[in-house]
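Peer 1: Mind looking over this structure? Questions follow.
2 protein chains.
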Amino acid sequence: MTAERSDALRPPGHRAVANRRSETMNNRLINACRCEPTDVTPVWLMRQAGRYLPEYRALRESHPILTLIKTPELATEVTLQPLRRFDLDAAIVFADILPPLEAMGLELEFVKGDGPIFHNPVRSTADVKALRVPSAEESLNFTLETIRLVTAELDGRLPLIGFAGAPFTLACYAVEGGSSRHSQRVKSLAHSEPQLWHALMEKLTDTVVDYLDAQAVAGVQVLQLFDSWAGVLSPDDFREFVLPHSQRLIGEVKRLHPDIPLIHFATGNSAWLALFREAGGDVIGVDWRIDFADARAQLGDHTPVQGNLDPLMLFAPEPALQDAAARILKQNAGRPGHIFNLGHGVLPETPIEQVAALVDAVHNYHG
Amino acid sequence: MTAERSDALRPPGHRAVANRRSETMNNRLINACRCEPTDVTPVWLMRQAGRYLPEYRALRESHPILTLIKTPELATEVTLQPLRRFDLDAAIVFADILPPLEAMGLELEFVKGDGPIFHNPVRSTADVKALRVPSAEESLNFTLETIRLVTAELDGRLPLIGFAGAPFTLACYAVEGGSSRHSQRVKSLAHSEPQLWHALMEKLTDTVVDYLDAQAVAGVQVLQLFDSWAGVLSPDDFREFVLPHSQRLIGEVKRLHPDIPLIHFATGNSAWLALFREAGGDVIGVDWRIDFADARAQLGDHTPVQGNLDPLMLFAPEPALQDAAARILKQNAGRPGHIFNLGHGVLPETPIEQVAALVDAVHNYHG
């Protein structure tokens, strides 16, 4: 390890994670995932590690994002950064949903301003046939190694979340070749060539099952499946083109690891949460475009729910932010099975002090 | 009128609108807006006039989009183009939601690839103070004149829809200065400077009331209010920052024109349709991210509903397209008050023959 990396791992002025908590395991997240009572509502934030933190931006100055993800010591450092600042109830491994597609044979590049680009998108039968179903141990070992390093660092005091993109969301990137406003190619492919579509989804599903299995074996305590793009679909299309695959995926992961809670998350699907839930998951993550009480009503009191503050509320003045958090907690009305989170990831320009204020507001709430 | 424009109004090979229908007024849309029975379900399509039509693209080769909108003879031609091809139950005036902002003092430019840009976005108290509340008769007369020309051309055989952007959607463009992925500035402004926000919304509301009033006076039979960006909001934010303004707007327009049905449309809000309905509107337009039956259930059987096919279904093979249309009609279960439409606008690459197939499928449906 270079001196530079060593410095990065212990930025001056930050307490070491090892010293910041009592030696007791923080079980809030796990208990909430099991719909069991907790002392206060657990809170973590999607993209809690990332560009809004100056210590992350400092690392990015000398390393491209894929280098951060693929260098376990650096990914470990990035994973731990937000834990030094905020009293979060979970760590989430610093990784990305796209490297599994790279491992399948797609050429990934992060282009400044345009986001991720795949230079050989999947459009034909030959393209689908050419996709490998990689072994995560072989092709994605950098993230597994990060999990092992972070787990050692956390030493049982805080749960670590592993994650993967869901097959549909991966298919969006694979077929469109990057982000896409209308998902035109992916929807056209599903409807025009359903056999080819399902063959693609099968391979993606197999890849993600193996990847989540490997993360569980490497030591994560919770898994999250991100179907970030599912909300571009009508309920009918989700039912026909996505549901069977996500169902198989979650079923297989849960058979392998029945004790590891799985959070199933999407955005834009808040009018068909009950259908989304049919795909599985111990916890359903919901976006901010629904009253939290309505989300719980759609899902039923016995389904744990993660969410659902608009990430943009972190740009509001502190009293408005606190009010918004309190409104969600009030809507939950003390029912067990609530994990507080944003309805989407933390944005790069988010003020750090607002993140701290939010975490404290959740922990200090008494209904 | 130049010879070129005259040619444009009567492209060779197209039947004149005057000859394409019987002399009876097509009352389907109006009746459905009043929740009265119709012989078949009325259908029109958001962006039914536009870039997917070769005759539109031909006009665009020689005229920038703002010229088409601001030249009544050209806008009339574009309005009529889809009616020569498809058996649609309404015309919608060819216009855009942004010229009212231009009339308020913002400098609008359509930049190829980037969409609309405002060079002097609204960010400060001084910016809001500087905004004019324009008279539509003076500043937006080109669209009013288009309405008069189209009305004469249609001669009472087909209803004409006028429209405007809702205050929130206009505020998004005014504050962000163009399209925006996360609506970061607009949400920050609303929360950080609520007084300034409401002052801006007041001016936008006054502008739109006058504009819709003028369109009604000019001759449209139906109005649609597009709150295309409302779905970026949490229900709480909509309630606080948008609802009172849209409510006042719709209330004032309905007081001036009680007999003109008003369709209130947004996307991304399908989990809070009942709240959206509180803002008003005789008909609620819904996007494709909800089962049509659930939309009707949320809104109640006596609220007419417009929607809600995914525009991407027009890229699917014809049988799949027909099935999808039939599923929506079946979910409606013959209740009066259904206007068939897409859940969003027709996309530029849409195959024309699929639009024809959709319109026929709706008209030929027998439950």
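Protein chains in written order, with the numbering used here: chain V, 32 to 398; chain G, 32 to 398.
C-beta: ideal position from N, C-alpha, C; glycine also.
Is it true that the CB of G146 (chain G) sits closer than 8 Å to the CB of G209 (chain G)?
Peer 2: yes
Peer 1: Using the Cα positions of T69 (chain G) and I192 (chain V), report the straight-line distance between them to the nearest angstrom.
Peer 2: 55 Å
Peer 1: How long is the line joining the alpha carbons of R286 (chain G) and A157 (chain G), rounded to whole angstroms?
Peer 2: Answer to the nearest angstrom: the Cα atoms are 32 Å apart.
Peer 1: Quickly, what does DSSP pair F141 (chain V) with across the bridge? List them, please.
Peer 2: In the DSSP assignment, F141 (chain V) is bridged to V:P147.
Peer 1: Pick helix, strand or coil for Q255 (chain V), following the three-state DSSP scheme.
Peer 2: strand
Peer 1: I need the DSSP call for Q337 (chain G), collapsed to helix, strand or coil.
Peer 2: strand
Peer 1: Measuring alpha carbon to alpha carbon, tell me which of V:A121, V:A356, V:G311 ends up nearest L185 (chain V).
Peer 2: V:A121
Peer 1: When the Cα atoms are used, what is the spatial distance from L243 (chain V) to A183 (chain V)?
Peer 2: 19 Å
Peer 1: Can you look up F125 (chain G) in the DSSP assignment and give me helix, strand or coil?
Peer 2: Of the three classes helix, strand and coil, the one that applies to F125 (chain G) here is coil, per DSSP.
Peer 1: Just how far apart, CA to CA, sit T174 (chain V) and L132 (chain V)?
Peer 2: 14 Å
Peer 1: Let me know if V386 (chain V) comes out buried or exposed under the rule of 16 or more other beta-carbons within 10 Å of its beta-carbon.
Peer 2: buried
Peer 1: Can we say the region 292-306 of chain V touches the region 330-338 of chain V, given the rule of at least three CB pairs closer than 8 Å?
Peer 2: yes
Peer 1: So for H295 (chain V), helix, strand or coil by DSSP?
Peer 2: strand
Peer 1: Ignore the nearest five residues each way along the sequence and tell me which others in V377 (chain G)'s own chain have a CB closer than 8 Å to its CB.
Peer 2: L76, M77, R78, Q79, G81, Y83, P342, L345, V386
Peer 1: Can you confirm whether H222 (chain G), when its beta carbon is compared against all beta carbons of chain V, has any partner nearer than 8 Å?
Peer 2: Cβ-Cβ to chain V under 8 Å: yes for H222 (chain G).
Peer 1: For W260 (chain V), which of V:T298, V:S155, V:T334, V:A134 has the nearest alpha-carbon?
Peer 2: Between W260 (chain V) and the set V:T298, V:S155, V:T334, V:A134, the nearest pair of CA atoms involves V:T298.
Peer 1: Could you pull the DSSP bridge partners for G193 (chain G) from this structure?
Peer 2: Paired residue(s): G:L254.
Peer 1: For D267 (chain V), return the contacting residues in chain G, with the cut-off set at a CB-CB distance below 8 Å.
Peer 2: D322, A355, R358
Peer 1: Which residue wins for smallest C-alpha separation from A357 (chain G), given the options G:N151, G:P335, G:I383, G:H394?
Peer 2: G:H394
Peer 1: How about the region 91-111 of chain G and the region 125-141 of chain G: do they share at least three Cβ pairs that are nearer than 8 Å?
Peer 2: yes
Peer 1: Under the three-state reduction of DSSP, which class applies to F117 (chain G): helix, strand or coil?
Peer 2: coil
Peer 1: The beta strand (DSSP E) that contains I370 (chain V), what's its start and end?
Peer 2: 369-373
Peer 1: Looking at the strands, I want to know which residues DSSP matches up with V314 (chain G).
Peer 2: G:I294
Peer 1: What do you get for T107 (chain G), buried or exposed, if any count of 16 or more other CB atoms within 10 angstroms of its CB means buried?
Peer 2: So T107 (chain G) counts as buried.
Peer 1: Any Cβ of chain G within less than 8 Å of the Cβ of Q215 (chain V)?
Peer 2: yes
Peer 1: Exposed or buried, what is E207 (chain V) when buried is set at 16 or more other beta-carbons lying within 10 Å of its beta-carbon?
Peer 2: Result: buried.
Peer 1: With DSSP as the reference, identify every bridge partner of V239 (chain V), one or two as the case may be.
Peer 2: According to DSSP, V239 (chain V) bridges with nothing at all.
Peer 1: Using a C-beta cutoff of 8 Å, does W228 (chain V) count as contacting chain B?
Peer 2: No chain B appears in this structure, whose protein chains are V and G.
Peer 1: Within the continuous alpha helix (DSSP H) that includes F199 (chain G), where are the two ends?
Peer 2: 198-207
Peer 1: For D38 (chain V), does the three-state DSSP call read helix, strand or coil?
Peer 2: Low confidence applies to D38 (chain V): its pLDDT is 37, below 50, so where it sits in the model is not reliable, and the reading given next is rough at best. Residue state, collapsed to three classes: helix.
Peer 1: Count the other CB atoms, across all protein chains shown, that sit within 10 Å of the CB of A245 (chain V); report buried if there are 16 or more and exposed otherwise.
Peer 2: buried
Peer 1: Does K218 (chain G) get closer than 8 Å to chain V when you measure Cβ to Cβ?
Peer 2: yes
Peer 1: How long is the line joining the alpha carbons of A47 (chain G) and V251 (chain G), rounded to whole angstroms?
Peer 2: Only weak support exists for where A47 (chain G) lies, its pLDDT of 42 falling under 50; the value from the coordinates is given anyway. Going from the Cα of A47 (chain G) to the Cα of V251 (chain G) covers about 21 Å.
Peer 1: Would you check if the distance between the CB atom of P130 (chain V) and the CB atom of L171 (chain V) is smaller than 8 Å?
Peer 2: Result yes, Cβ atoms of P130 (chain V) and L171 (chain V) sit closer than 8 Å.
Peer 1: With distances taken between CB atoms, is the gap from L256 (chain V) to E309 (chain V) smaller than 8 Å?
Peer 2: no
Peer 1: Answer with yes or no whether the minimum CB distance from L378 (chain G) to chain V is below 8 Å.
Peer 2: yes
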